[in-house]
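A.B. asks:
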Amino acid sequence: RTTARIFVIDRELNVLARAGSLKRPSLPDEQAAASGAARVWQWLERETLHPLYALVLKQPSEDFGEEQAGRVALPAREVDGALSGILTVDRRPTPDGKAIIVSAAHPIWVGDQVKGAVIVEETTNAVLAERNRAFERLFSIVLAALLLGSVALTLYAARLSARIRRLRDEAEAAIDAQGRVRGVLAGSNAGDEIGDLSRSFSSVLSRLAQYAGYREQMASRLSHELRTPIAVVRSSLDNLKLSLLPDDARVYMERAQQGLNRLTHILTRMTEATRLEQSVGDDERERFDLARVLTGCVDGYRVAYPQHTLKLEIP
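For what it's worth, my numbering labels the leading residue of the sequence shown as 23, then goes sequentially.
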């Protein structure tokens, strides 16, 4: 055995033969002959895992002293037992206390007499090293499982994030800057929560598109219904123009005609516009003469309230 030391002694405790060593021989460097992936793993073990193992495991040390004297430094009880014909086993520390030596002594029989003993010694480093290797293999397997699980979770989270971003982009693209529904989302067939959210968005946008279409049709129907009374008012004003009216009444008739023309213009814009808010917004941004509007308003109040004196000052 490479880590065993064997002695043959006589009855006077003289060492007749000695072979082996308690220390393991240094192994050749296998890193150069290893493949690229193996060298990476060896480097990872040497630089990362082994320092971590050293924190939780007691590493066996090969830096211990061996007896080099000509006589064997064994307990008297073990030697006496072997020389008395009894197989004995004992353990003791090395002279420097860095390792534990386990020894077994067996008598050498020549006929009916014990002429000597064979003593085999070995340290517990091999057992500790094997235990450490088993733990390191277990830890490496657990670490590899954790790494694989982390990679799988990262890929799964990245896929979920990509699906959420795609759903967000589709939802933003479904409505333009004016709030008009461009198109309905295609609901996902996935059975998870993101699929449910996609189908909910699709349903909401579908109902919103139906409501927007209803409002557009409502503006068209409203414009159609109002044109009949506007035509009646217009014909009545035309008939009044043919009548003899005082000058004050003609002023009010002209204002009524202007209001009727403006209402007709608004209805025309409502028919052309896709939304009622857009048509009203366009009319509100129209340039007009504020002085004329105020003058007409004050004139109307003067007629309605002749008992009051109203004055308008325009800069």
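Where is the CB? At the ideal position from N, CA and C, for every residue including glycine. What you are looking at is a predicted structure, and each value in this text was computed from that prediction instead of being measured.
1. Output the distance between the C-alpha atoms of Ala91 and Glu34, rounded to the nearest integer angstrom.
2. Are three or more beta carbon pairs between the region 183-191 and the region 214-223 nearer than 8 Å?
3. By the DSSP assignment, the beta strand (DSSP E) with Gly138 in it spans what residues?
4. For Glu152, is the classification buried or exposed, using 16 other Cβ atoms within 10 angstroms of its Cβ as the cut-off for buried?
5. From Pro328 to Gly322, what does the alpha carbon distance come to, in whole angstroms?
6. In angstroms, rounded to a whole number, what distance separates the CA positions of Ala180 and Asp198?
7. According to DSSP, is Gly281 part of a helix, a strand, or is it coil?
8. Can you tell me which of the three DSSP states Asp214 falls into?
9. Helix, strand or coil for Ser21, going by three-state DSSP, please let me know.
10. Check for me: the beta strand (DSSP E) holding Arg27 runs from which residue to which?
11. Do Leu105 and Phe157 have their C-beta atoms within less than 9 Å of each other?
12. Between Lys120 and Asp32, which are expected to be in contact by the criterion C-beta below 8 Å, what is the C-beta distance as a whole number of angstroms?
13. Using 10 angstroms around the beta-carbon of Thr110, count the other beta-carbons present and answer buried if the total reaches 16, otherwise exposed.
14. When you compare the CB positions of Pro82 and Asn36, do they come within less than 9 Å of one another, or not?
15. Comparing alpha-carbon positions, which option in Arg221, Arg114, Gln280 lies nearest Glu143?
16. Quick check: what's the CA-CA separation for Ala39 versus Val101?
17. Is the Cβ of Leu105 closer than 9 Å to any Cβ of chain D?
18. Please list, in chain order, all residues of the same chain as Ser210 whose beta carbon is under 6 Å from its beta carbon, the five residues on each side excluded.
19. Taking DSSP as the reference, what is the three-state secondary structure of Leu38?
20. Taking the beta strand (DSSP E) that Asp112 falls in, what are its first and last residues?
21. Can you give me the C-alpha to C-alpha distance between Leu248 and His287, rounded to a whole angstrom?
22. Ile197 by DSSP, collapsed to three states: which one?
23. Hey, how far is the Cα of Ala76 from the Cα of Ala208?
24. Among Arg291, Val273, Arg324, which has the Cα closest to the Cα of Glu308?
25. Leaving out the 5 sequence neighbours to the left and right, which residues in its chain are closer than 7 Å to Gln279 when beta-carbon positions are compared?
26. So Leu264 and Met275 are supposed to be a Cβ contact under 8 Å. How far apart are they, rounded?
27. For Val255, I'd like the list of residues in its chain whose CB is within less than 7 Å of its CB, leaving aside the five on either flank, ordered along the chain.
28. Quick one: Cα of Gly205 to Cα of Arg159, how far?
29. Taking DSSP's pairing of strands, which residues face Ile130 in a bridge?
30. Are the CB atoms of Ile28 and Ile108 within a distance shorter than 9 Å?
31. Whose C-beta lies closer than 7 Å to the C-beta of Leu227 among residues of the same chain, with five residues either side of it excluded?
C.D. replies: This is what the structure gives:
1. Counted from its first residue, the sequence shown places residue 91 at position 69. Counted from its first residue, the sequence shown places residue 34 at position 12. Reliability fails at Ala91, whose pLDDT of 45 lies under 50, so the model's placement of it is uncertain and no value is given.
2. yes
3. Walking along the sequence shown from the start, residue 138 turns up at place 116. Unbroken beta strand (DSSP E) run through Gly138: 135-145.
4. On the sequence shown, position 130 is the one that residue 152 refers to. The residue is exposed, with fewer than 16 neighbouring Cβ atoms inside 10 Å.
5. The residue you call residue 328 lines up with position 306 of the sequence shown. The residue you call residue 322 lines up with position 300 of the sequence shown. Those two C-alpha atoms are separated by around 10 Å.
6. As a position in the sequence shown, residue 180 is number 158, starting the count at 1. As a position in the sequence shown, residue 198 is number 176, starting the count at 1. When rounded, the distance between both Cα atoms is 28 Å.
7. As a working note, residue 281 is residue 259 in the sequence shown. Helix at Gly281.
8. By 1-based counting over the sequence shown, the position of residue 214 is 192. Residue state, collapsed to three classes: coil.
9. Nothing in the structure corresponds to residue 21, since the chain is present only between 23 and 337.
10. Position 5 of the sequence shown holds residue 27. Per DSSP, Arg27 belongs to the beta strand (DSSP E) from 26-32.
11. For the purposes of this step, residue 105 is taken as residue 83 along the sequence shown, with counting starting at 1. For the purposes of this step, residue 157 is taken as residue 135 along the sequence shown, with counting starting at 1. Not in contact: Leu105 and Phe157 (Cβ atoms no closer than 9 Å).
12. Within the sequence shown, residue 120 is the residue found at index 98, counting from 1. Within the sequence shown, residue 32 is the residue found at index 10, counting from 1. Between Asp32 and Lys120 the Cβ distance is about 30 Å, and since that is not below 8 Å, they are no contact.
13. Taking the sequence shown and counting its residues from 1, one reaches residue 110 at position 88. So Thr110 counts as buried.
14. Start at 1 with the first residue of the sequence shown, and residue 82 comes out as number 60. Start at 1 with the first residue of the sequence shown, and residue 36 comes out as number 14. Not in contact: Pro82 and Asn36 (Cβ atoms no closer than 9 Å).
15. Residue mapping note: residue 143 aligns to position 121 of the sequence shown, counting from 1. Out of Arg221, Arg114, Gln280, Arg114 has the C-alpha closest to the C-alpha of Glu143.
16. For this step, residue 39 is matched to residue 17 along the sequence shown. For this step, residue 101 is matched to residue 79 along the sequence shown. Approximately 16 Å, taken between the alpha carbons.
17. Absent from the structure is chain D; it holds one protein chain and no more.
18. Translated into positions along the sequence shown, residue 210 becomes position 188. Gly217, Ser220.
19. Indexing the sequence shown from 1 puts residue 38 at position 16. It is a strand residue.
20. By one-based count along the sequence shown, residue 112 stands at place 90. 110-115 is the span of the beta strand (DSSP E), which, as asked, contains Asp112.
21. As a working note, residue 248 is residue 226 in the sequence shown. As a working note, residue 287 is residue 265 in the sequence shown. Each residue's Cα considered, the two are about 12 Å apart.
22. Within the sequence shown, the letter at position 175 stands for residue 197. Of the three classes helix, strand and coil, the one that applies to Ile197 here is strand, per DSSP.
23. To locate residue 76, count along the sequence shown from 1; it is residue 54. To locate residue 208, count along the sequence shown from 1; it is residue 186. Approximately 58 Å, taken between the alpha carbons.
24. Taking the first residue of the sequence shown as position 1, residue 308 is located at position 286. If we check each option's Cα against that of Glu308, Arg291 comes out closest.
25. Along the sequence shown, read from residue 1 onward, the residue named residue 279 stands at position 257. Once the five neighbours on either side are set aside, the close Cβ partners of Gln279 are Leu259.
26. By 1-based counting over the sequence shown, the position of residue 264 is 242. By 1-based counting over the sequence shown, the position of residue 275 is 253. That pair is no contact at about 11 Å.
27. For the purposes of this step, residue 255 is taken as residue 233 along the sequence shown, with counting starting at 1. Only Leu282 meet the Cβ criterion.
28. Position 183 of the sequence shown holds residue 205. Position 137 of the sequence shown holds residue 159. Distance between the alpha carbons of Gly205 and Arg159 is about 58 Å.
29. In the sequence shown, the residue the question calls residue 130 occupies position 108. DSSP output for Ile130 lists Gly138 as bridge partner(s).
30. What you label residue 108 is simply residue 86 of the sequence shown in a count that begins at 1. What you label residue 28 is simply residue 6 of the sequence shown in a count that begins at 1. No, the pair does not count as a contact, with Cβ atoms beyond the cut-off.
31. Walking along the sequence shown from the start, residue 227 turns up at place 205. Closer than 7 Å at the Cβ level, and outside the excluded window around Leu227, lie Ala196, Val203, Val206, Leu207.
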